[in-house]
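Trainee:
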Amino acid sequence: MELRYFDHNATTPLCEAAKAAWISASEAQWFNPSSPYRGAAAVKVRYEAARESLARHFGVSPERVIFTSGATESNNAVIRYWARSLSSDACVGINPTEHPSVIAVARALLGSRVVWLPLSKGGVVDMDTLRGRIESGTLAAVSVMAANNETGVIQPWQAIAKLCAKAQIPYHCDAAQWVGKLPVEGLSACAYVTACGHKFGGPKGVGFMLLPEGVVDFRLLDGGEQEAAHRAGTEDVAGVFAMSAALENSRPGKAEARDAFIEQIVQAIPGVALIGAGTDRLWNTVSMSMPRHQSVRWIRALEKAGFLLSAGSACSTGKTSVSEVLLAMGIDATTAGRILRISADAETTAEDWQALADALLVTYKLLNEEADSMKSQVVSID
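Counting from 661, one number per residue, gives the positions in the sequence shown under my numbering.
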């Protein structure tokens, strides 16, 4: 049975360009770039060329680009840097629907210095409140993602970047779900940008971040002088080359087929609730609460039908607790427990979306029949 993949916000398959780049580098450019002989020097030149290519993509100087193991490491590093470099009474404004790699370290290291930013019903940061807190001098830094991995809700990061630049405070934008899906123009205005390769067809375990110009004391890892002394450790040459190739080959998709899918499901299944309705959302993402049945029952039944999707963040797989993102949006636990997250890529066709819609309708009928059958069973105890 052919499996149709609708969990691209969790990870993407390695694209052909990235695969070719990774194999080539693994076979022919495997030297340590820091070694003193010609072969290693040639690898170093190509490695820096990949940095320059990524810098051109974002319209920044190569000095701002640091290669990392992914967005989790990069997000952690930004919050850790603020925790040690900002004054002890400085407050940081953080969007409560950020990825756990921001939320967890902020709670641990900043504690009461975190100012949780209020949200609209759709999960968008309240700009009037944020503006007031920035202009009053309440905040010394801000962290708001570009787009949410669970809901697809897009934050007004361009406007936030302007506010923070005007106030001369650093702004961190987790762009892991943006890069490779939508144009990156304007991200260069953010002081810190974090992203990872496996969200846009690159390999897992490699990512990058943009640092502010002139920052010299920002360190992710100690023990070496790689990455301009920002991150110690032998460089992942093959991973960086593959990620660079994937980014060059990425392209935005369109929302028409997704929107038609949403309309069909909302009309056909009573009680479906679209999460983030009325907000700007990623073209590839649908988050919706289904009627009657828990997420896990839907997901298992749909996998049997040949469709792979999820209930939310892959970083929360195995947890029994309800998504903090949904709770932060004011969604009750019952509704949050029935969420399906569907995320496509640019190669997903209208036929794929229609096939998923058909499978959802069949699954809804089957789950209802199973539930009704269980209710009708009478257990007799003599």
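Think of the CB as a built atom: it goes at the ideal place given N, C-alpha and C, for glycine as much as any other residue.
Going by beta-carbon coordinates alone, are S1003 and H668 separated by less than 8 Å?
Mentor: Yes, these two residues count as a Cβ contact at 8 Å.
Trainee: Could you check where the alpha helix (DSSP H) with Y707 kicks off and where it finishes?
Mentor: It spans R698 to F718 - the alpha helix (DSSP H) in which Y707 sits, taken as one unbroken run.
Trainee: I'd like the ranges of any beta strand (DSSP E) spanning at least 3 consecutive residues and lying wholly in the stretch 755-785.
Mentor: Segments of the beta strand (DSSP E) lying fully in the stretch 755-785: 774-776.
Trainee: Would you say V707 and V900 are within 8 Å of each other, going by their C-beta atoms?
Mentor: This sequence places Tyr at residue 707; Val is not what is there. Their beta carbons are under 8 Å apart, which means Y707 touches V900 by this criterion.
Trainee: Among R1001, V956 and E984, which one has its Cα closest to the Cα of A993?
Mentor: Minimum Cα distance to A993 is reached at E984.
Trainee: Does the beta-carbon distance from V866 to D896 come in below 8 Å?
Mentor: Yes, the pair counts as a contact, with Cβ atoms nearer than the cut-off.
Trainee: Would DSSP call H890 helix, strand or coil?
Mentor: Residue state, collapsed to three classes: coil.
Trainee: Name the DSSP bridge partner or partners of M869?
Mentor: DSSP, once it has assigned bridges, lists I726 and T854 as partnering M869.
Trainee: If we ignore side chains and look at the alpha-carbon of each, how far apart do V982 and I959 end up?
Mentor: Computed Cα separation, rounded: 16 Å.
Trainee: Within 10 angstroms of the Cβ of G936, are there 16 or more other Cβ atoms? Answer buried if so, exposed if not.
Mentor: It counts as buried.
Trainee: Looking only at its own chain, which residues have a Cβ that is under 8 Å from the Cβ of G978, when we skip the five neighbours before and after it?
Mentor: Confidence at G978 is low in this model, with a pLDDT of 49, below 50, so its placement is unreliable and no value can be given for it.
Trainee: Put N753 into one of helix, strand or coil per three-state DSSP.
Mentor: Checking the displayed sequence, the identity of residue 753 turns out to be Gly instead of Asn. G753: strand per DSSP, three-state reduction.
Trainee: Output the distance between the C-alpha atoms of V725 and S713, rounded to the nearest integer angstrom.
Mentor: In a straight line, the C-alpha of V725 is about 10 Å away from that of S713.
Trainee: Would you kindly work out how many angstroms separate the C-alpha atoms of A715 and P722, rounded to a whole number?
Mentor: One C-alpha to the other measures close to 5 Å.
Trainee: Tell me which same chain residues have a C-beta within less than 8 Å of the C-beta of V785, skipping the five on either side of it?
Mentor: Correct list, in chain order: N755, L777, P778, L779, V804, Q815, P816 and I820.
Trainee: Whole angstroms is fine: what's the gap from L842's alpha carbon to P912's?
Mentor: Straight-line Cα distance between these residues: approximately 5 Å.
Trainee: Let me confirm a value: E795 is counted as buried when at least 16 other C-beta atoms fall within 10 Å, else exposed. Which label applies?
Mentor: By the 10 Å Cβ count, E795 comes out exposed.
Trainee: Between which two residues does the alpha helix (DSSP H) containing A677 stretch?
Mentor: Here the alpha helix (DSSP H) through A677 covers E676 to A688.
Trainee: Whose CA, out of F860, G782, R740 and F727, lies closest to the CA of E676?
Mentor: Measuring from the Cα of E676, the nearest candidate turns out to be F860.
Trainee: Is the Cβ-Cβ distance between S1033 and R998 less than 8 Å?
Mentor: Not in contact: S1033 and R998 (Cβ atoms no closer than 8 Å).
Trainee: Would you report the Cα separation of N944 and A988, rounded to the nearest angstrom?
Mentor: Rounded to whole angstroms, N944 to A988 spans 22 Å at the Cα level.
Trainee: My output table needs one value for R664: the three-state DSSP class, helix, strand or coil.
Mentor: In the structure shown, R664 sits in a strand (DSSP, three-state: E or B).
Trainee: Start and end of the alpha helix (DSSP H) containing V985?
Mentor: Start and end: E984 to A988.
Trainee: Near G730, what residues of its chain come up, given a Cβ to Cβ distance below 6 Å and the 5 sequence neighbours on each side ignored?
Mentor: Excluding sequence neighbours, G730 sits near C856 and G867.
Trainee: Ordered along the chain, which non-local residues of its own chain (more than five positions away) have a Cβ less than 7 Å from that of Q818?
Mentor: So the qualifying residues of the chain are G846.
Trainee: Tell whether a beta-carbon distance below 8 Å holds between G840 and L907.
Mentor: A contact, by the Cβ cut-off of 8 Å.
Trainee: Rounded to the nearest angstrom, what separates R918 and P693 at their Cα positions?
Mentor: Cα to Cα, the separation comes out at about 44 Å.
Trainee: Counting only the same chain and skipping the five closest in sequence on each side, list residues whose C-beta sits under 7 Å from that of L969.
Mentor: Contacts found: F666, D667, I959, L962, L1000, R1001 and I1002.
Trainee: Please name the residue or residues paired with C833 in a DSSP beta bridge.
Mentor: According to DSSP, which records beta bridges pairwise, C833 is partnered with V853.
Trainee: If you check the beta carbons only, do F691 and A700 fall under 8 Å apart?
Mentor: In contact: F691 and A700 (Cβ atoms closer than 8 Å).
Trainee: When we look at the beta-carbon of V802 and count the other beta-carbons within 10 Å, is it buried (16 or more) or exposed?
Mentor: So V802 ends up on the buried side.
Trainee: Taking all protein chains shown into account, do 16 or more other C-beta atoms lie within 10 angstroms of the C-beta of P863, making it buried, or fewer, making it exposed?
Mentor: P863 should be labelled buried.
Trainee: Please name the residue, chosen from I829, C824 and N808, that lies closest to W1056 on a Cα-to-Cα basis.
Mentor: Outside the displayed range of the chain (661 to 1042) lies residue 1056, so it cannot be described from this structure.
Trainee: In angstroms, rounded to a whole number, what distance separates the CA positions of L870 and S686?
Mentor: So the alpha carbons of these two residues sit roughly 26 Å apart.
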